[in-house]
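Protein chains in written order, with our numbering: chain F, 1 to 339; chain P, 340 to 678; chain L, 679 to 1017; chain B, 1018 to 1356. Glycine residues also receive a C-beta, built at the ideal position from the N, C-alpha and C atoms. Keep in mind the model is a prediction, meaning the values are calculated, not measured.
There are 4 protein chains.
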Amino acid sequence: MIVAMQDVADEKQIQQVIDHLVKMGFEVHRSTGARQTVLGAVGAVIDFDIRNLELLPGVQEVHRISSPYKLAGKGFRPEGTIVKLANEVSIGGNEVVVMAGPCSVESREQLFATAEAVSKAGAKVLRGGAFKPRSSPYSFQGHGEDALKLLREAGDKFKLLVISEVMEISQIPMMLPYVDILQVGARNMQNFNLLRELGKVRKPVLLKRGIAATLEELLLSAEYIMAGGNYDVILCERGIRTFETYTRNTMDISAIPIIHKLSHLPMTADPSHGTGRRDKVSPMARAAVAAGADALLIEVHCDPDKAWSDGAQSLYPEQFTKLMAELRMIAPAVGRSIE
Amino acid sequence: MIVAMQDVADEKQIQQVIDHLVKMGFEVHRSTGARQTVLGAVGAVIDFDIRNLELLPGVQEVHRISSPYKLAGKGFRPEGTIVKLANEVSIGGNEVVVMAGPCSVESREQLFATAEAVSKAGAKVLRGGAFKPRSSPYSFQGHGEDALKLLREAGDKFKLLVISEVMEISQIPMMLPYVDILQVGARNMQNFNLLRELGKVRKPVLLKRGIAATLEELLLSAEYIMAGGNYDVILCERGIRTFETYTRNTMDISAIPIIHKLSHLPMTADPSHGTGRRDKVSPMARAAVAAGADALLIEVHCDPDKAWSDGAQSLYPEQFTKLMAELRMIAPAVGRSIE
Amino acid sequence: MIVAMQDVADEKQIQQVIDHLVKMGFEVHRSTGARQTVLGAVGAVIDFDIRNLELLPGVQEVHRISSPYKLAGKGFRPEGTIVKLANEVSIGGNEVVVMAGPCSVESREQLFATAEAVSKAGAKVLRGGAFKPRSSPYSFQGHGEDALKLLREAGDKFKLLVISEVMEISQIPMMLPYVDILQVGARNMQNFNLLRELGKVRKPVLLKRGIAATLEELLLSAEYIMAGGNYDVILCERGIRTFETYTRNTMDISAIPIIHKLSHLPMTADPSHGTGRRDKVSPMARAAVAAGADALLIEVHCDPDKAWSDGAQSLYPEQFTKLMAELRMIAPAVGRSIE
Amino acid sequence: MIVAMQDVADEKQIQQVIDHLVKMGFEVHRSTGARQTVLGAVGAVIDFDIRNLELLPGVQEVHRISSPYKLAGKGFRPEGTIVKLANEVSIGGNEVVVMAGPCSVESREQLFATAEAVSKAGAKVLRGGAFKPRSSPYSFQGHGEDALKLLREAGDKFKLLVISEVMEISQIPMMLPYVDILQVGARNMQNFNLLRELGKVRKPVLLKRGIAATLEELLLSAEYIMAGGNYDVILCERGIRTFETYTRNTMDISAIPIIHKLSHLPMTADPSHGTGRRDKVSPMARAAVAAGADALLIEVHCDPDKAWSDGAQSLYPEQFTKLMAELRMIAPAVGRSIE
């Protein structure tokens, strides 16, 4: 930590700050220049509220110099993490993995028709929601465990792995037999109790960025899961909230190269939620792969016009097939491939 | 709902949109002008994704005309809601109620010293956290039920009501005997499962606005609680995330008069979280009362420099006393009083 | 325009709104449903402040249904605009055009070395700043007309067209002999006096999106130029301001497909300003082409470490050459080419 | 400046950074801790792009420790600046000064009726626009010098000082004889050429915060004016752009106490533009005074329903009179008065 003193700060104020830092367990280095004094505080104190220093008399600015996350940081595993799944699929390696499927599981017919289509087009993972708490209390809320069973069955039939969203601690044990990846939604990115429990399971977790979360906060949430011993964390950009209202969210494509610099964890993108409109999904999916995304999460529905939720952002199967062909052309430009 | 067709839309496209609306259960009114056709759809369909219409050929724009919330809207109770609590305290009436106390309950000594100070200064409700899931996995996480017991004891001793934050459904029954108001934090504003459960209890709920939530979304979350039959919802502004980084959040004071126009529910403000810095708390508390806030939620600590969490945004007891005196001068300018 | 009345609005209030609309020159269509009345106002009134209606008693919501821009809208030229330049270069056609060069013109050596490098790599247009009003009053402010002369000379020598930024009305006549495209920077996007003057010239204008401008506002600024008779407007995304602070701006890649839907004007991207960091420029340049950008604007410097401004976001010539090779692989995926 | 090296940085990388800093003119202090090395760079180099350091190998983070503004900073004049105007009015002293008047000067009748009303209610300065470049090219653009003459005449008649907005360098000499304060609008906050010229005049300048400007950027723009020798700069909050769309802008009331901490310049507020809606102006004006604003800028129109621009955010004269009475009750709570 660095504490810059005001140029008018007197010796007593400087000593008070030094004493405060020493008491907190830091080792302090002092640099006195012509205009001002700067204090460097080094040490192993991980949880420290820098505002306590900012408010001391004579203090101008305080900067934290070590990132507040360790396990999620690049330095922990500079070679990068490859999350290995069944069917010889892995995320973070050479292949860009595409996960696709409906927003929510509505029926066996809907799910199987969609699963067959996305499998044929080249998807490796089937997505589908079993629990759908919605922003309106008057909406469809999901089929629960029945949906998970159908997902597993469809996945096995069409050689697809399964990803589905977990919303509550109580759902974890029930979901484990059915899914290959547990997904944490944007609204739960800082549900720390849930993250802590997911640190105890031994299944990969795909963690979505909250709509108002900085990338540092995303990594800190990953740290929560990893601190429990579960290192198979996959990060996902799905749009942030900005002043622009034409799209539901502004998909932050730059998050992909930034996370790749700051962290060793795989970074993926969800252009369906990132834009909220079907006609923007393909351009943003292509952009994500061009920017280096390790995987994509895309909503596809066998009949989007009749979808019970998020039909407007679901691709038609033929659109998805066309998109896959485009992605196969782009991947080599970043040294990747799509099977 | 209003659907404006593009000026180049042909009759077939217009009919397709009309058919779609009728099939959804709407009654459709058509206006054809010199340049374009506009369709008005009226009906009782509450949950409808307008994007499905936006994507139809020939459609230019779609506007929802009725707000998606009913119970939380002004029309439901135009005279305004007054939430009645014990000790003849009520929120939403003539008096501006001040709720104060430490960020988290650390010890009996800390809590009682703080409670005594805020009670003397004129606070009516004691606040204090029992569960503290923190953004870092390496921090103090709260004393749980022991903290709640201390809150109740301190409240009873110093004639203060008690408010504390609920983080999970499982905590609700445990908390009910101890608290007078259940607080929902910003991160849980869209934890719909939790909101639904809170709709079933018969205790007032103070619902904080999420840092990226629009005011419409705040009202929709209130609707979730009210839909369960619990109409005693108190709303709270506590800062939103913007590009300005000097403060943790930008406290949106205008939310106070806006909510008072859109809703009958009491609107309160939390300047401690709204600014994140002790030296900004008093100016923003005064601003909130001047703008018409029904109540304030303020962090006060008997010894902020030693606080285990959020000390930097906690007032010293003497600052709080001074603030109360200032608020008593401001309240009459908006036709209110503070005892 | 659509005016939705409150369900409690009475006949007198409805009549007052109708009278108001008629007086403004609108033709009014009335739809009365079971719950509420909706008024449709159609007409040629272009400049109208809808807030005047919102404040009338009994009004619930007002929506503008026709976009406030006409010439910039898709309907004006559905086949799309191709801006034709010299050297058989055109923007908006099949080829993705790359414009590259230093942030500011520093010296003949610097400019010519950079121009040669970008020309060899495949750029078609040379960029370079002649006027550099900086956010600090203590910085280098540009070489003015001397810089423009060098740009023209270097462009002619290496078969590159020239683009440079105009900052003030008084600079327009001086710049015209030297440049092929006049660039309007983000800070001037709403300098309406400047835009109006640019409407009178007969040179293409590249208009950058302001850091806090919605896409509708960008199109309205294009309308300003077009209203003067200059239809050769090229739009450019260069990052918007959000809460994320890791990058200077958040580059909104989705602006590319959105503008392509709303407007016939070519849409380009500036990943250098969009990210502000050299190591993020190539990923975002690739993403922009994958999302359908018609052209790119990229800062390249023959020796970025010695650049007088924006060296940190300038590519090394060899990075630019590598990027061009990647872009050539991506363009065919969107049916485009790069020579 | 502080440069924190990565924990894996080797001695060669550290030396490279030190050499770079020394070459730039900094004096370097080195602190080597158990985990990492931190370099403190002290010196008089004002204009330096820290990104050049961030990109050097081995560098983890770079922090600027001295603020990039000097003259605008608190330390330059810790006792605070009081801007003295004619009629014994001053801004920054004990009295809260209210500036009021129409958005634009429409006619002698309109202006004089409004001026009389605001003068009677207690305003000290008359505001009114002479130049109105609007976001639509099809709108009323202002009466120019005729409007200024009317402002002066009305001001003199009703004992009001005059403030009006300057939009271009060329307007400055023409405006000087008519106005007491030159106003710079939000869109021109970073029009550095204009700011530099305003540094040369000897009239107070009221500088509005841009809708996407940080407070540091606002102070840097003030620095531009002050660097030219004009120290009478008055700052003004008028709303920033956020994701909330209910109001045009989100008025950042916390900017008032923050500027008062960072700078010696008077800080004022414009609740009319800050909210964009008449019914929110009074609550936000009260909030601004309660938070410590030195002055207010409020749009009042003798007949808002017929206003040519911004009628929707203009107060009726009787609303303004009521507001002044409320403000007189609030001012003493912050140790201020309103005559």
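Identity of the residues DSSP links to residue i by a beta bridge
i	result
Ala1387/B	Nothing can be reported for residue 1387/B: it is not among the residues displayed for chain B, which extend from 1018 to 1356.
Gly1118/B	Glu1316/B
Val83/F	Ile91/F
Ile508/P	The partner list for Ile508/P (beta bridge, DSSP) is empty, contrary to what the question assumes.
Gln36/F	Gln36/F pairs with nothing; no bridge assigned.
Met1191/B	DSSP output for Met1191/B lists no bridge partner at all.
Thr946/L	Cys914/L and Ala973/L
Leu860/L	Ser842/L and Val883/L
Ile1019/B	Gly1057/B and His1080/B
Gly1139/B	Per DSSP, none; premise fails for Gly1139/B.
Best match in the options for proximity to residue i [C-alpha to C-alpha]
i	options	result
Asp232/F	Ala117/F, Val38/F and Asp180/F	Asp180/F
Gly481/P	Ala651/P, Ser446/P and Glu657/P	Ser446/P
Ala1342/B	Asp1066/B, Ala1138/B, Asp1027/B and Ala1308/B	Ala1138/B
Gly1146/B	Val1317/B, Val1079/B, Glu1356/B and Ala1350/B	Val1317/B
Glu823/L	Ala795/L, Leu854/L and Ala801/L	Leu854/L
Phe131/F	Leu151/F, Phe112/F and Ala117/F	Leu151/F
Glu922/L	Ile211/F, Pro266/F and Ser221/F	Ile211/F
Own chain, CB closer than 6 Å to residue i, minus 5 neighbours either side, in chain order
i	result
Ala213/F	Met189
Met1116/B	Val1142, Arg1144, Ile1180 and Leu1314
Ser1299/B	Leu1340
Ala973/L	Ile769, Val775 and Thr946
Leu884/L	Ile859, Gln861, Ile912 and Cys914
Ala307/F	His301 and Ser314
Leu699/L	Val706 and Ala719
Leu194/F	Ile169 and Asn188
Close beta carbons around residue i, own chain, < 8 Å, minus the five adjacent residues each side
i	result
Lys413/P	Lys600, Leu601, Ser602 and His603
Lys1297/B	Thr1264 and Pro1288
Val17/F	Val3, Met5, Leu39, Leu53, Leu56, Gly58 and Val59
Ala454/P	Gly440, Leu465, Ala493, Gly494, Lys496, Phe497 and Leu499
Gly199/F	Tyr224, Ile225, Met226, Ala227, Gly228, Gly229 and Asn230
Pro596/P	Ala630 and Gly631
Beta-carbon proximity list for residue i, same chain, < 7 Å, skipping 5 on both sides
i	result
Met929/L	Glu915, Gly917, Pro949, Gly952, Thr953 and Met962
Ser797/L	Phe836, Lys837 and Leu838
Phe301/P	No information on residue 301/P is available, as it lies outside the stretch 340 to 678 that chain P covers here.
Gln788/L	Pro780 and Cys980
Phe531/P	Tyr563
Residue i classed as buried or exposed, judged by whether at least 16 other C-beta atoms fall within 10 angstroms
i	result
Thr376/P	buried
Lys886/L	buried
Gln510/P	buried
Gln693/L	exposed
Met1243/B	buried
Asp310/F	buried
Glu400/P	buried
Glu427/P	exposed
Glu875/L	buried
Thr920/L	buried
Ser1015/L	exposed
Cβ-heavy atom distance, residue i to the ligand MG, below 7 Å
i	result
Val28/F	With respect to the ligand MG, the structure offers nothing, as it holds no ligand at all.
(request) Could you tell me which uninterrupted alpha helix (DSSP H) segments, each at least 4 residues in length, are contained entirely in the region 203-259 of chain F, listed from first to last along the chain? (result) Entirely contained in the region 203-259 of chain F, the alpha helix (DSSP H) runs reaching 4 residues are, in chain order, 215-227.
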